[in-house]
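Chains as they are written, first to last, in our numbering: chain A, 63 to 442; chain B, 3 to 87.
Notes follow once the structure below has been shown.
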């Protein structure tokens, strides 16, 4: 028998053994004890009420009964709990029928807020069964040209607006982009197919300059938009620069550091691990982040690191390190090159200004500098 | 389920002498009884019950009936003596 699910009896009777014998014929009794003039015993909870009735019929003088354990009937009689549960259930069911949030998926160029505001205006009611998603879909499609397809669904209490944005080719939009220079360089060859050229052979162009305009003039002098197509070769200069100091004073970390930390809540420090900063010269770094991901209790952990520094003087001889510095500068320039590019020329210039050397390394390559959209030149 | 007492009775050729009750005394702490015919005395020092051909008295201290059904009972406590009359 489970101790928590039982009925406990305490009785006073003259012929107690007889009563126990009668009860034991039909029911199982446990822990029968005689204390002074009383008898105490337990029974299964299911039998409790029946035993109580029998005892009352047998004229037991004093009777006390305690029912222990969980009883479903008792719970069902707790009206406050039942009413609370029913009200809670009703409130949950009631709010389930309403849409409280609008989410937009798939927006890249379109504004989320604009779309959400439009959909909100289209809603007749927040009640989910009054919302006609098909109508809203059609309205969105008609009012937003950049939307190629739209699907609206109610998931839980959110109205999900899933859209696909249309990608229109330039020709359909009636606009063409000019060919823009992607590099600085000297134009060496022009092969114009379509459009109006803005540069000539020998011109120096900068990155961002217009090379070919997306229009032509017809015989009547009318401007006509066309897709610009051209191949413009240029000598492109890849340049990298550096400064070399023969005498230099700089701060350097010694490797020693002190780490302190603190935890705060609403600017109130809750925990602090502070150590005395004994460094004369130091640099400090602060790193802080939220300890919890929710916004209920925004505990902030801050870590302060103090690095000891020392001042060092550097004396270098440019002539001794010249080759090494130039080689580094060349490597720096080569990083900017693409694969299979032919180097036409390399040049290094050095300017001395009283112990400070300004170095400039220039690599000249030949390259097609115009970006011709949607047109592939035939391979020669 | 395996019935220990039935097995013993079946193995004995002459089992007429066997009484109609069974007792098991576990280390003088628990006494299990099968085949009792009713409780006659219940107190912390003496518990007595009827059997078909007489009566059994259990003496000890702190005795109590931890289980009682129509024909079985279990006595717990410090059991000193079990006697048949």
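Here a beta-carbon is modelled for each residue, glycine too, at the ideal position from N, C-alpha and C.
- Going straight from the alpha carbon of residue 441 (chain A) to that of residue 254 (chain A), what length do you get? Taking the first chain and counting its residues from 1, one reaches residue 441 (chain A) at position 379. Taking the first chain and counting its residues from 1, one reaches residue 254 (chain A) at position 192. With a pLDDT of 49 at residue 441 (chain A), under the threshold of 50, the modelled position of this residue cannot be trusted; read the value that follows with caution. One C-alpha to the other measures close to 16 angstroms.
- Item | Beta carbon of residue 365 (chain A) nearer than 9 angstroms to that of residue 350 (chain A) | Residue 365 (chain A) sits at position 303 when you count from the first residue of the first chain. Residue 350 (chain A) sits at position 288 when you count from the first residue of the first chain. For residue 365 (chain A) and residue 350 (chain A), yes; Cβs fall inside 9 angstroms.
- Task: Pull up the distance between the alpha-carbon of residue 437 (chain A) and that of residue 291 (chain A), whole angstroms please.
- Result: Working through the first chain from its first residue, we reach residue 437 (chain A) at position 375. Working through the first chain from its first residue, we reach residue 291 (chain A) at position 229. Residue placement at residue 437 (chain A) is flagged as unreliable, the pLDDT there being 48, under the threshold of 50; the coordinate-derived value follows with that caveat. Cα to Cα, the separation comes out at about 7 angstroms.
- Query: Can you find a CB in chain B that lies within less than 9 angstroms of the CB of residue 94 (chain A)?
  - Reply: The count along the first chain starts at 1 and reaches residue 94 (chain A) at position 32. It does: the Cβ of residue 94 (chain A) has a partner Cβ on chain B nearer than 9 angstroms.
- Range covered by the alpha helix (DSSP H) that runs through residue 410 (chain A): Sequence index remark: in the first chain, residue 410 (chain A) carries index 348 (1-based). Note, residue 410 (chain A): premise wrong, no alpha helix (DSSP H); beta strand (DSSP E) at 405-414.
- Task: Please report how far the alpha carbon of residue 159 (chain A) lies from the alpha carbon of residue 195 (chain A), in whole angstroms.
- Result: Walking along the first chain from the start, residue 159 (chain A) turns up at place 97. Walking along the first chain from the start, residue 195 (chain A) turns up at place 133. Roughly 15 angstroms separates the two Cα atoms.
- Query: DSSP on residue 31 (chain B), reduced to helix/strand/coil?
  - Reply: Along the second chain, one-based indexing puts residue 31 (chain B) at 29. Residue 31 (chain B): coil per DSSP, three-state reduction.
- Taking residue 180 (chain A) as part of the alpha helix (DSSP H), name the residues at either end of that continuous run. If you number the first chain from 1, residue 180 (chain A) lands on position 118. Its alpha helix (DSSP H) spans residues 174-184.
- Throw me the rounded Cβ distance for the residue 299 (chain A) and residue 246 (chain A) pair, which I believe falls under 8 angstroms. Looking up residue 299 (chain A) in the first chain gives position 237. Looking up residue 246 (chain A) in the first chain gives position 184. Right, their Cβ atoms sit about 6 angstroms apart.
- Task: Could you check what DSSP says for residue 23 (chain B) in three-state terms: helix, strand or coil?
- Result: Along the second chain, one-based indexing puts residue 23 (chain B) at 21. DSSP places residue 23 (chain B) in coil when its eight states are reduced to three.
- 9 angstroms Cβ cutoff, residue 148 (chain A) in contact with chain B: As a first step, residue 148 (chain A) must be located in the first chain, where it is residue number 86. Output row for residue 148 (chain A): interface = no.
- Message: For residue 68 (chain A), report the span of its beta strand (DSSP E) as first-last.
- Response: Translated into the one-based positions of the first chain, residue 68 (chain A) becomes position 6. Where residue 68 (chain A) is concerned, the enclosing beta strand (DSSP E) stretches over 68-74.
- Query: Which stretch, first to last residue, makes up the beta strand (DSSP E) that contains residue 74 (chain B)?
  - Reply: Residue mapping note: residue 74 (chain B) aligns to position 72 of the second chain, counting from 1. Where residue 74 (chain B) is concerned, the enclosing beta strand (DSSP E) stretches over 74-86.
- Query: Along the chain, where does the alpha helix (DSSP H) that runs through residue 392 (chain A) open and close?
  - Reply: By 1-based counting over the first chain, the position of residue 392 (chain A) is 330. Where residue 392 (chain A) is concerned, the enclosing alpha helix (DSSP H) stretches over 380-397.
- Within-9 angstroms CB hit, residue 44 (chain B) to chain A: Here residue 44 (chain B) is taken as the residue at index 42 of the second chain, counted from 1. Interface residue, yes.
- Query: Going straight from the alpha carbon of residue 87 (chain A) to that of residue 71 (chain B), what length do you get?
  - Reply: Position 25 of the first chain holds residue 87 (chain A). Position 69 of the second chain holds residue 71 (chain B). Each residue's Cα considered, the two are about 6 angstroms apart.
- Measure how close the beta-carbons of residue 219 (chain A) and residue 181 (chain A) come, nearest whole angstrom, since I'm counting them as under 8 angstroms. Looking up residue 219 (chain A) in the first chain gives position 157. Looking up residue 181 (chain A) in the first chain gives position 119. Actually they are not in contact, since the Cβ atoms of residue 219 (chain A) and residue 181 (chain A) sit about 15 angstroms apart, beyond 8 angstroms.
- Interface residues of chain B facing residue 72 (chain A) [CB-CB closer than 8 angstroms]: Here residue 72 (chain A) is taken as the residue at index 10 of the first chain, counted from 1. Those within 8 angstroms of residue 72 (chain A) in chain B number zero; the least Cβ separation is about 14 angstroms.
- Item | residue 444 (chain A) - containing alpha helix (DSSP H), residue span | Residue numbering for chain A in the displayed model covers 63 to 442; residue 444 (chain A) lies beyond these limits and cannot be assessed.
- Query: Taking the runs of the beta strand (DSSP E) that are 3 residues or longer, which of them lie wholly in the segment 300-381 of chain A?
  - Reply: 309-327, 330-335, 344-352 and 361-377
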